[in-house]
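Each remark here refers to the structure printed beneath this line.
Numbering (this note's numbering), first residue to last: 63 to 160.
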């Protein structure tokens, strides 16, 4: 990170794109938190299914995989590793289990 002079600092602080990114950061931070709760709920449901029926649900396993991919996309966006906005600004990641 380079040292900034006062003019550069003022310009950077007034940059609307940076402030818009902050709004996205808050929105996707909340979405990430909710997705973790959804992951936990899915895990509990899968555990109960396995406990009572002897097997888990393939559809929920697939959903869990897709949710993990979404969480990775959100993490990349939040940490500035990617500029691609995740769902709902892009399609939700859907990958069939192999």
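Every residue gets a Cβ at the ideal spot worked out from N, C-alpha and C, and that includes glycine.
- In this structure residue 153 is exposed. Its beta-carbon is surrounded by fewer than 16 other beta-carbon atoms within 10 angstroms.
- Rounded to the nearest angstrom, the gap between the Cα atoms of residue 122 and residue 87 is 28 Å.
- Annotated as proximal: residue 133 and residue 97, with beta-carbon spacing under 8 Å.
- A straight line joining the alpha-carbon of residue 84 with that of residue 157 spans about 30 Å.
- Under the three-state reduction of DSSP, residue 123 is assigned to helix.
- Less than 8 Å divides the Cβ of residue 90 from the Cβ of residue 148.
- Contact annotation, residue 100 with residue 129: C-beta distance approximately 6 Å; criterion of less than 8 Å satisfied.
- Per DSSP, residue 141 lies in no alpha helix (DSSP H) and is assigned neither H nor E.
- DSSP, reduced to helix, strand and coil, places residue 99 within a helical segment of the structure shown.
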